[in-house]
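Encoded as structure tokens, the structure appears first; notes follow it.
Number of protein chains: 2
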Amino acid sequence: MAYYACALPRSLQPYMNRPARLVDIAEQLGISASTVSRALRGYPDISPDTKEAVVALAEKLHYRPNPIAQNLRNQESRIIGVMIPEIVHYFFSSVIGGIMEAADQHGYTVMLCQSSESEAREKQDAAMLLNSRVDGVLISLSDTTRTFEHLEAFRARGTPVVMFDKVAEHIAASKVLIDDVQGGRLATEHLIAQGCKRIAHIRGPHGPVTTEGRMAGYREALERNGLPFDPALVKTCTRVTKEAGMALMAELMALEAPPDGLFAVTDLAAIGAMVQLKRTGYAIPHDVAIIGFSDWDMASIVDPPLSSVFQPGFDMGRTATDLLIREIRLGQQEQPAVPETHVLETQLQIRASSTR
Amino acid sequence: MAYYACALPRSLQPYMNRPARLVDIAEQLGISASTVSRALRGYPDISPDTKEAVVALAEKLHYRPNPIAQNLRNQESRIIGVMIPEIVHYFFSSVIGGIMEAADQHGYTVMLCQSSESEAREKQDAAMLLNSRVDGVLISLSDTTRTFEHLEAFRARGTPVVMFDKVAEHIAASKVLIDDVQGGRLATEHLIAQGCKRIAHIRGPHGPVTTEGRMAGYREALERNGLPFDPALVKTCTRVTKEAGMALMAELMALEAPPDGLFAVTDLAAIGAMVQLKRTGYAIPHDVAIIGFSDWDMASIVDPPLSSVFQPGFDMGRTATDLLIREIRLGQQEQPAVPETHVLETQLQIRASSTR
DNA sequence: GCATTTCTCGGAAACGCTTTCATAACTGTC
DNA sequence: GACAGTTATGAAAGCGTTTCCGAGAAATGC
């Protein structure tokens, strides 16, 4: 019958008001820690009296369970790892916003890594996340990533992975994508609706599924509306910059039959095209109507404000996170999850650069 | 003498290759877990032979200590909480980049929260971080925050807090700031060097230390260079938007003696001013030379490219994190940390909008 | 050859929580 | 009143580490 008054075992306790623990509540009420735990977690076999007393005291002491202890005991970290190529980026930071909101709602926290488009860095971060015992991973691949053992490592340990935006087709994992084809179609059809007859397209590099999709949408819209596809009106930029947009726009206007509309693969290219047109005395949208893609913050501040195709970044983050958490929960019940692919719709954001 | 072969206590172990633990190494070598631990952590009282064997096997099994168990044992989380008003924001995402780099270097991970400029949300996040037992907190206050109990709560528990950018003067905590006065002075002196005689200033709202500082730098530069300060040339926008920039620029050009140079409190206002000037037929920089502040991504894409004062966001993140981690370490040794304030220098980013 | 120091190592407790199992006290039944 | 069934609770194990303490063996000192 050892009545012992906690002889400061808690590694001396000189510091200020340490947070209350289960045993603190238990001691004060003269009951055991396990009863307190059950009372707080709503187990049925606790007498109403005890439960009430426990809840009241917990409230009074501002008791919060120590998540670290819970994690150790429950074999989960309640952390999801997020790997993206770049943080300082309008689209990705929107995605992060969505991820954080969804994670927060489900009681998860986010561990963030940026690969800076380096495959080595991405693998290093993956190893770190694996080591940190994250419960799941959201990843948008670096452009330079060619092999995927680092993703396999997660699967091998049973940690679910959901890919978004920059995905690898053949990896068996859930994916969240944006419907670039639809976006390209919407943009082009909008220009058609504005009366454009010769619509040019400044496209991105060959390969990436995003730029290919936008190009496909462009062609689809032309066909559906009975407009001819003229290869001369399609220009490719290998690196999508404002300067590339300027140069390619100059080429387009030098054609015998220059375009009266432009759909650019990215706002940046569209803005370059706008600058070029203005410098050479053309009026936007009167001479050439322009629409970009992505709808970054810069679209609304250029002159004239640039129409664009909005990519639902926030929504993408939320969707991917919901998917991931669902898979985490399934995994905890030892049930296998079948990969799903969600395709998110884009939305036209019409401004002055394309309306006439 | 109970020889017992781990009868799958590890909560059944049906799953795939679980990560190796200390005891796994210990069992295979026929030694105790404590010896393994000490061998790996380089304690002196381990024989070279055992140490070598342990290290080799740990390597082979890809052993990594479970951070959750370490955290519980060591009473630290190795997580730092970061609270910012907005993630989708060029400056703040740069800061986050710096924070992440520094945190990573010191073996810390980052838990991110955004207040969305809401005081309630900020307090809620603070409570969450407190509950999560983060080792330290980096915060840039929401604009709407008026009371600071939530920061006090961290101090009360001995969790260091470092404030950056949006700081509260009277709170005793380390701070990292940007030298807005210097930035304002640099910008104005640059315009003076370009031959501007009547330099206008579109300033931000009264109150915030940032806008006041930029204004002070503006006056300082005028005085130092013997130019008169003309209140008519200073316009205040309550909300800093492109539209405000346009309207105020129109007012300035309507003056009897309009300006030949403009220093705007923000790139956004500067861009608004540029749009207004171009629409009314003025040439930039010929008629009015313009410089903004912040040097966001948009500065380089407008036409002409906008000169600006670069705020070292990345550097700010890194500096704040270094400071915080220093305080965390001091706290672990029960040594009090004296708050420091670091002021970071800005840098001119000269582009076409101001050079003539 | 005995006492003492040095060198290695194992045992055990602790971090805070959850959950299984056991038990004690009741309640009801025949 | 003996038994089964219920209800409320406690003891203890376990999650994976780290670290204090002490024990045995080897080495040293006299």
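Top line first, the protein sequences correspond to chains A and B. With the working numbering as the guide, the letters of the first sequence map in order to residues 1 to 356. With the working numbering as the guide, the letters of the second sequence map in order to residues 1001 to 1356. No residue lacks a Cβ here, since even glycine has one placed at the ideal position from N, Cα and C. These numbers were taken from a predicted model, which means no experiment stands behind them.
Original post:
Which term fits alanine 257 of chain A, buried or exposed, when burial requires 16 or more other beta carbons within 10 angstroms of its beta carbon?
Top reply: Exposed: under 16 other Cβ atoms inside 10 Å.
Subject >> Cα-Cα separation between aspartate 260 of chain A and threonine 241 of chain A, rounded to whole angstroms >> reply: Roughly 22 angstroms between the two C-alpha positions.
Original post:
Among A:Glu345, A:Ile328, A:Ser300 and A:Gly313, which has the Cα closest to the Cα of serine 353 of chain A?
Top reply: Considering only alpha carbons, the answer is A:Ser300.
Original post:
In this structure, what does DSSP give as the bridge partners for phenylalanine 1164 of chain B?
Top reply: Bridge partners of phenylalanine 1164 of chain B: B:Val1176.
**OP:** Decide if asparagine 71 of chain A is buried, meaning its Cβ has at least 16 other Cβ atoms within 10 Å, or exposed.
**Re:** A buried status is given to asparagine 71 of chain A, since no fewer than 16 other beta-carbon atoms sit within 10 Å of its beta-carbon.
Original post:
Where does proline 336 of chain A land, buried or exposed, given buried means 16+ other C-beta within 10 angstroms?
Top reply: Classification of proline 336 of chain A: exposed, given that the 10 Å Cβ count is below 16.
Original post:
Can you check whether the CB of phenylalanine 1154 of chain B is closer than 8 angstroms to the CB of valine 1095 of chain B?
Top reply: Contact annotation: valine 1095 of chain B and phenylalanine 1154 of chain B have beta-carbon atoms that are not nearer than 8 angstroms.
Original post:
Per DSSP, what kind of secondary structure is alanine 1002 of chain B in: helix, strand or coil?
Top reply: Its pLDDT being 28, under 50, alanine 1002 of chain B is placed unreliably in this model, and the value from its coordinates should be taken loosely. Three-state DSSP puts alanine 1002 of chain B in coil, outside helix and strand.
Subject >> contact_flag[the segment 126-139 of chain A, the segment 320-331 of chain A] where n(CB pairs < 8 angstroms) is 3 or more >> reply: Judged by pairs of C-beta atoms under 8 angstroms, the segment 126-139 of chain A touches the segment 320-331 of chain A, as three or more such pairs exist.
**OP:** Assign alanine 254 of chain A to one of two classes, buried (16 or more other C-beta atoms within 10 Å of its C-beta) or exposed (fewer than that).
**Re:** Burial call: exposed.
Original post:
Are there three or more Cβ pairs, one per stretch, closer than 8 angstroms when the segment 1234-1250 of chain B is compared with the segment 1266-1274 of chain B?
Top reply: The segment 1234-1250 of chain B, when compared against the segment 1266-1274 of chain B, does touch it at the 8 angstroms Cβ threshold.
Subject >> Selected residue, minimal CA-CA separation from glutamate 59 of chain A, among A:Tyr43, A:Asn66 and A:Ala20 >> reply: Ranking A:Tyr43, A:Asn66 and A:Ala20 by CA distance to the CA of glutamate 59 of chain A puts A:Ala20 first.
Original post:
Does the segment 1227-1243 of chain B come within contact of the segment 1292-1312 of chain B, defined as at least 3 CB pairs closer than 8 angstroms?
Top reply: As far as the Cβ criterion goes, the segment 1227-1243 of chain B does not touch the segment 1292-1312 of chain B, which means the pair count is below three.
Subject >> Where leucine 12 of chain A falls: helix, strand or coil (DSSP) >> reply: Its pLDDT being 40, under 50, leucine 12 of chain A is placed unreliably in this model, and the value from its coordinates should be taken loosely. Here leucine 12 of chain A sits in coil by DSSP.
Original post:
Are the C-beta atoms of lysine 959 of chain B and some chain A residue less than 8 angstroms apart?
Top reply: Because residue 959 of chain B is not part of the residues shown, which for chain B are 1001 to 1356, the question remains open.
Subject >> Beta-bridge partners of serine 294 of chain A, as assigned by DSSP >> reply: Per DSSP, A:Phe310.
**OP:** Indicate whether isoleucine 1025 of chain B and threonine 1050 of chain B have their beta-carbon atoms separated by less than 8 angstroms.
**Re:** Result no, Cβ atoms of isoleucine 1025 of chain B and threonine 1050 of chain B do not sit closer than 8 angstroms.
Original post:
the segment 1092-1111 of chain B: which residues have C-beta closer than 7 angstroms to a C-beta of chain A, in chain order?
Top reply: When CB distances to chain A are screened at a threshold of 7 angstroms, the residues of the segment 1092-1111 of chain B falling below it are Ser1093, Ser1094, Ile1096, Gly1097, Met1100, Thr1109, Val1110 and Met1111, in chain order.
Original post:
DSSP puts leucine 1348 of chain B in a beta bridge; with which residues?
Top reply: Per DSSP, B:Val1309.
Subject >> Where the alpha helix (DSSP H) through phenylalanine 91 of chain A begins and ends >> reply: 90-105 is the span of the alpha helix (DSSP H), which, as asked, contains phenylalanine 91 of chain A.
Original post:
For the 8 angstroms Cβ check, are there 3 or more pairs between the segment 1176-1195 of chain B and the segment 1207-1215 of chain B?
Top reply: Yes, the segment 1176-1195 of chain B is in contact with the segment 1207-1215 of chain B.
Subject >> From B:Ala1120, B:His1201, B:Glu1345 and B:Gln1349, residue whose alpha carbon lies closest to that of valine 1265 of chain B >> reply: Of the listed residues, the one whose Cα sits closest to valine 1265 of chain B is B:His1201.
Original post:
If you draw a straight line from the C-alpha of arginine 1078 of chain B to the C-alpha of threonine 1355 of chain B, how long is it?
Top reply: Whole-angstrom Cα-Cα distance: 49 angstroms.
Original post:
Starting from leucine 1112 of chain B and walking both ways along the beta strand (DSSP E), at which residues does that stretch end?
Top reply: Where leucine 1112 of chain B is concerned, the enclosing beta strand (DSSP E) stretches over 1109-1114.
Original post:
Just curious, the beta strand (DSSP E) that alanine 200 of chain A is in, first and last residue?
Top reply: Counting along the chain, the beta strand (DSSP E) containing alanine 200 of chain A begins and ends at 199-203.
Original post:
By the criterion of Cβ-Cβ separation under 7 angstroms, what are the contact partners of aspartate 303 of chain A in chain B?
Top reply: Close to aspartate 303 of chain A, with beta-carbon spacing below 7 angstroms, are these residues of chain B in chain order: Val1275 and Lys1278.
**OP:** Using a Cβ-Cβ cut-off of 8 angstroms, state whether alanine 69 of chain A counts as contacting chain B.
**Re:** For alanine 69 of chain A, the answer is yes, since a Cβ of chain B falls inside 8 angstroms of its Cβ.
Original post:
If glycine 97 of chain A and methionine 316 of chain A are in contact, beta carbons under 8 angstroms, what's the gap, nearest whole angstrom?
Top reply: Not really, about 10 angstroms apart at Cβ, beyond 8 angstroms.
Original post:
Can you find a C-beta in chain B that's less than 8 angstroms from the C-beta of tyrosine 15 of chain A?
Top reply: For tyrosine 15 of chain A, the predicted model reports a pLDDT of 44, less than 50, meaning its position is unreliable; a value from the coordinates is still stated below. With 8 angstroms as the cut-off, tyrosine 15 of chain A counts as an interface residue toward chain B.
**OP:** Identify the continuous beta strand (DSSP E) that holds valine 1234 of chain B and give its terminal residues.
**Re:** Its beta strand (DSSP E) spans residues 1234-1236.
Subject >> Per-residue burial, serine 34 of chain A [other beta carbons within 10 Å of its own, 16 or more giving buried] >> reply: Classification for serine 34 of chain A: exposed.
Original post:
Do proline 1339 of chain B and alanine 1173 of chain B have their C-beta atoms within less than 8 angstroms of each other?
Top reply: The Cβ atoms of proline 1339 of chain B and alanine 1173 of chain B lie closer than 8 angstroms to each other.
**OP:** Look up histidine 286 of chain A in the DSSP assignment and say whether it is helix, strand or coil.
**Re:** In this structure, histidine 286 of chain A counts as coil in the three-state DSSP scheme.
Subject >> histidine 342 of chain A - partner residues in DSSP beta bridges >> reply: Answer is A:Val176.
Original post:
For proline 1067 of chain B, is the classification buried or exposed, using 16 other Cβ atoms within 10 angstroms of its Cβ as the cut-off for buried?
Top reply: Buried.
Original post:
Is glutamine 276 of chain A near the ligand PLP, going by C-beta to nearest heavy atom under 7 angstroms?
Top reply: Of the ligands one can find in the structure shown there are none, so the ligand PLP has no counterpart to examine.
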